[in-house]
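Going by UniProt numbering, the sequence shown opens with residue 1, and the numbers climb by one from there.
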Amino acid sequence: MSARSKARKRALDVLYESEVRGLPVGGTLADRVADNDPPVNEFTVALVEGVAKHIDVIDDLLDTHSVGWSLDRMPAVDRNILRIGSYELLFDDQVPDVVAVSEAVALARDLSTDESPAFVNGLLARLLQLKPTLGV
Numbered sequence: 001m002s003a004r005s006k007a008r009k010r011a012l013d014v015l016y017e018s019e020v021r022g023l024p025v026g027g028t029l030a031d032r033v034a035d036n037d038p039p040v041n042e043f044t045v046a047l048v049e050g051v052a053k054h055i056d057v058i059d060d061l062l063d064t065h066s067v068g069w070s071l072d073r074m075p076a077v078d079r080n081i082l083r084i085g086s087y088e089l090l091f092d093d094q095v096p097d098v099v100a101v102s103e104a105v106a107l108a109r110d111l112s113t114d115e116s117p118a119f120v121n122g123l124l125a126r127l128l129q130l131k132p133t134l135g136v
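Below, the structure is given as structure tokens:
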């Protein structure tokens, strides 16, 4: 697993933990950085902070373009994988679009249900298709 893939997994851990604990998006980041076990690198921090900064837009887009699933019905792991993937796809110009989608699908394959990779791929592909018209 590449360093960036590990950083994405760590960002997912932070986002998931924050949600499970009922904290704001990324609310456990400062604690994880302070604990540094496992280490939290700069890319992880950038992902979590980026998702937190754009959470309203990201969640609105995911909820609007998800077919058959509202955001609150999605498994928490899938929801947070999609948040990371959407952030990278729409707001991080340093990550190629295909990499953002591929990495999100890989996380879903490794950490979620059998149906999750196809769901994540389909929803992020839809956002990629709409990206030129989204104005974000």
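Backbone N, C-alpha and C define an ideal beta-carbon position, used for all residues, glycine too.
Asked	Found
Cut-off 8 Å between Cβ atoms - residues of its own chain near PRO24, not counting five sequence neighbours on either side	SER18 and ALA52
Whole-angstrom distance between LEU12 and ASP59, CA atom to CA atom	15 Å
Boundaries of the alpha helix (DSSP H) in which PRO117 is found, first to last residue	116-134
Where LEU23 falls: helix, strand or coil (DSSP)	coil
Cβ neighbours of PRO38 in the same chain (closer than 8 Å, five flanking residues each side left out)	ARG10
Same chain, Cβ closer than 8 Å to VAL40, five either side skipped, listed in chain order	ARG10, VAL14, LEU29, ARG32 and VAL33
Which listed residue (ALA46, GLY22 and TYR16) has its alpha carbon closest to that of VAL95	ALA46
Pick from ALA125, LEU107 and ASN121 that is closest to LYS6, judged by C-alpha positions	LEU107
CA nearest to the CA of HIS54, picked from LEU71, PHE91, ASN36 and TRP69	PHE91
Residue of LEU62, LEU82, THR133 and MET1 minimising C-alpha distance to SER112	LEU82
Cβ shell of LYS131 (< 8 Å), same chain only, five flanking positions each side left out	LEU89, LEU90 and ASP97
Coil, strand or helix - VAL95 by DSSP	coil
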